[in-house]
Amino acid sequence: MTELKYLLFLGCVIPYRINSYEISTRKVAKKLGIEFVEMPDFNCCGLPIDPVSHDMMLTLAARNLCLAEQQNLNILTLCTGCSGTLLKVNETLKHDKNLKEKVNGYLKEIGREFKGTIKVKHLVQVLLEDVGFEKIKETIHRPLTQLKVAAHAGCHILRPKKYLGFDDPEDPAVIKNLIELTGAKSLDYEDETACCGAPIIGVNDIIPLQLSREKLVHIQEAGAQALITVCPFCHMMFDINQPRIERVFNEKFGIPVLHYPQLLGLAMGINPDELALNQLRVDASKILEILDRAQKVVPLQK
Amino acid sequence: MPEKTQQKGTEQERIIKANEIDPHFKYEISKVPGARKIMMCFQCGTCTADCPIARFSDSYRPRKLMRMAQLGLKDRVLSSDNIWLCAACFTCVDHCPQDVEISSVLRALRNMAVKEGFMPVVFRDLSSNILKTGYAYMIPASRLRKREEQGLPPLPKASLESLAKISEVTGFSKLLKKKKEKSE
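Chain order of the listed sequences is B and A. Everything in the first sequence is counted per the numbering used here, starting at 835 for the first residue and increasing by one. Everything in the second sequence is counted per the numbering used here, starting at 178 for the first residue and increasing by one.
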């Protein structure tokens, strides 16, 4: 049996703005028997400064990997950006001898060496491969059958395929399947795999809003009551920036954006406040009303 | 700043002169990890057709940037605002029939641009935040207090000494200093 023990790699966006993702993840992880070891001393995965210096990015990522190797534990990430970066660097250094030598040359200066002995997995991949759908099903006490939602996977959990590969980037199914486990319906919508635009928000203030707006339009057209994300950066675009998008384009969406662990937690019967639903920018009480109505129907039928 | 060096459309309007072509540029790029296959690009345009950014930008065309790079228009490419618009969604990487890692080529071009002194302000901020705190953002003390109020474990402190050393040996700190001298 796989031991469900991981080093939790938080990254930067979660502690900066999205505590709700961490809070809800820790709550559902406990119910699933996932044990987190706090990752001391870690640093940014490196992705944000890859455009400045690829060598610095590789070394920052590799240093994090070394910390995990030292403890002989696999890394679990919540941010798709962090997971994509750490996973890609881990695999590249395992297979590219020259690059590994170069990076180890840098790491030598801080007394570390990349060996390539651990794995990096995003929460979604852990739920799919290590926890397993059967075990998740056992924890569902309050199926969300009244709920219709849309899934946004996030680019770095799907592409490039040659590094990720646990889902089909052209027709991703894993997050949809995870949603359906909660009893909620996962709706198809136009351009599901399109990027949220967040990575370039620092250099262009309109294109990312246009991209996110387009997604919100497609999600609304599909009739989704909420959007489900598995990345704090994507979440920021759709939740924190949703009022801004509404202002800029003079439109109204009001689509609550939940982290997947929040959705799962609701289905487990965890109190919405404990899942930090009250910390979301877009009011999620609509969702709770739908669920409360559903809840009341059940005893009446009995 | 790259934002001001080139206005929209100028790349297209200017006539290419033989003396602005650097025939070694493509070889330089192809030495960078991930950018090895730049010369394999045969201009099919799949990258641009599938690019979410190109859909909303008047000027960002990955195919064009690949061609300009192959041709050796080093100065134009490195000073262009467009190389900073790739969101690294990797759609083009997955779809390229020639297996060119377009987003890696763009990353290689950005790294070269930084060496020439072009870097959007946001990357300077992210870089300095990492060196100061270990995190890409300056996480305010109120946020850290809130963590504990919410029952979250204290945020680990990064080893700034290690980061400073890495920054030194990889040449990262030199890149940041270089730009500063230029802008002052």
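Beta carbons: idealized from backbone N, C-alpha and C, even for Gly.
Nearest candidate by alpha-carbon position, reference residue i, set the options
i, options, result
"E890 of chain B", "B:N938, B:G845 and B:E869", "Looking at the sequence shown, residue 890 of chain B is not Glu but Met. Of the listed residues, the one whose Cα sits closest to M890 of chain B is B:N938."
"A1007 of chain B", "B:A984, B:Y997 and B:P994", "B:A984"
"F1087 of chain B", "B:Q1113, B:P1106, B:V871 and B:V1051", "B:V1051"
"Y204 of chain A", "A:N288, A:V291, A:G249 and A:G294", "A:G249"
"V1082 of chain B", "B:K969, B:K995 and B:D1039", "B:D1039"
"S344 of chain A", "A:E326, A:P330, A:F233 and A:G311", "A:G311"
"Y997 of chain B", "A:I260, A:D271 and A:N196", "A:D271"
"I1089 of chain B", "B:L1100, B:P994, B:K982 and B:P1042", "B:K982"
"H888 of chain B", "A:N306, A:A212 and A:A341", "A:A212"
"H1093 of chain B", "B:M1071, B:E1085 and B:E1080", "B:M1071"
"E837 of chain B", "B:I1121, B:L866, B:V862 and B:S854", "B:L866"
"A1101 of chain B", "B:L842, B:Y855 and B:L1125", "B:L1125"
"A1110 of chain B", "B:I852, B:V1037 and B:F843", "B:I852"
"S1020 of chain B", "B:V862, B:A987, B:G880 and B:D964", "B:A987"
"K355 of chain A", "B:V886, B:P874 and B:L842", "B:V886"
"I260 of chain A", "A:I307, A:F295 and A:C218", "A:F295"
"V1064 of chain B", "B:E1004, B:L1045 and B:T911", "B:T911"
"S256 of chain A", "A:F300, A:P330, A:K292 and A:G328", "A:K292"
"F843 of chain B", "B:I868, B:Y850, B:K864 and B:N877", "B:N877"
"A896 of chain B", "B:C879, B:L907 and B:N906", "B:C879"
"L353 of chain A", "A:A335, A:S336, A:S319 and A:N288", "A:N288"
"S854 of chain B", "A:Q327, A:A195 and A:L308", "A:Q327"
Simplified DSSP assignment, three categories, for residue i
i, result
"H272 of chain A", "helix"
"H201 of chain A", "coil"
"K955 of chain B", "strand"
"K357 of chain A", "A caution first: K357 of chain A carries a pLDDT of 48, below 50, which makes its placement in the model unreliable, though a value can still be read off. Here K357 of chain A sits in helix by DSSP."
"A318 of chain A", "helix"
"F219 of chain A", "coil"
"N196 of chain A", "helix"
"I974 of chain B", "coil"
"I206 of chain A", "helix"
"A1128 of chain B", "helix"
"N1105 of chain B", "coil"
"G1099 of chain B", "helix"
"D964 of chain B", "helix"
"E180 of chain A", "Residue confidence is low: E180 of chain A scores 46 on pLDDT, short of 50, so the model does not pin down where it sits. Its coordinate-derived value is still stated next. Here E180 of chain A sits in helix by DSSP."
"A1110 of chain B", "coil"
"P1133 of chain B", "Confidence is the limiting factor: at P1133 of chain B the pLDDT is only 43, short of 50, which leaves the residue's position unreliable and the question unanswerable from this model."
"L879 of chain B", "Sequence inspection shows Cys at residue 879 of chain B; the Leu mentioned does not correspond to that position. Coil."
"R213 of chain A", "helix"
"F295 of chain A", "coil"
"A313 of chain A", "coil"
"F349 of chain A", "helix"
"G915 of chain B", "helix"
"Y997 of chain B", "coil"
"R287 of chain A", "helix"
"K1086 of chain B", "coil"
"E947 of chain B", "coil"
"P333 of chain A", "coil"
"E1004 of chain B", "coil"
Residues near residue i in its chain [Cβ-Cβ closer than 8 Å; skip 5 each side]
i, result
"P239 of chain A", "C224, T225, C228, A231, C263, C269, I279 and L283"
"E180 of chain A", "Model confidence at E180 of chain A stands at a pLDDT of 46, short of 50, so the residue's coordinates are unreliable and nothing is read from them."
"A125 of chain A", "Since the first residue shown for chain A is 178 and the last is 361, residue 125 of chain A is missing from the structure and cannot be characterised."
Extent of the continuous alpha helix (DSSP H) run through residue i
i, result
"E942 of chain B", "Per the sequence presented here, residue 942 of chain B reads as Lys, with Glu not at that position. Note, K942 of chain B: alpha helix (DSSP H), K931 to K942."
"F300 of chain A", "V298 to T310"
"C900 of chain B", "H888 to Q905"
"V1116 of chain B", "First-last for V1116 of chain B: undefined, no H or E at that position."
"S854 of chain B", "N853 to L866"
"Q1076 of chain B", "Q1076 to F1083"
"S339 of chain A", "L337 to V346"
Enclosing beta strand (DSSP E) for residue i [first to last residue]
i, result
"I909 of chain B", "N908 to T911"
"E872 of chain B", "E869 to E872"
"Y840 of chain B", "K839 to F843"
"V983 of chain B", "K982 to H986"
"H1093 of chain B", "V1091 to H1093"
Beta-carbon contacts of residue i that lie in its chain and below 7 Å, excluding the five residues immediately before and after
i, result
"L961 of chain B", "I970 and L1012"
"R244 of chain A", "Q220"
"M178 of chain A", "With a pLDDT of 43 at M178 of chain A, under the threshold of 50, the modelled position of this residue cannot be trusted; read the value that follows with caution. Nothing meets the Cβ criterion."
"G222 of chain A", "R240"
"L321 of chain A", "L332"
"C273 of chain A", "T223, C224 and I279"
Contacts around residue i, its chain only, beta-carbon distance under 6 Å, and the 5 residues preceding and following it disregarded
i, result
"L1097 of chain B", "T1016 and I1062"
"P1003 of chain B", "L992, R993 and K995"
"P1095 of chain B", "S858, T859 and V862"
beta-carbon residue i near the ligand NAD non-hydrogen atom, thresh 7 Å
i, result
"F876 of chain B", "With respect to the ligand NAD, the structure offers nothing, as it holds no ligand at all."
query = Which parts of the segment 222–282 of chain A are runs of the alpha helix (DSSP H), unbroken and 4 residues or longer, counting only runs that do not cross its ends?
reply = 223–227, 229–233, 239–248, 251–256 and 268–272
ask   = What are the start and end residues of each continuous beta strand (DSSP E) run of 3 or more residues lying completely inside the segment 1008–1067 of chain B, in chain order?
value = 1019–1021 and 1060–1063
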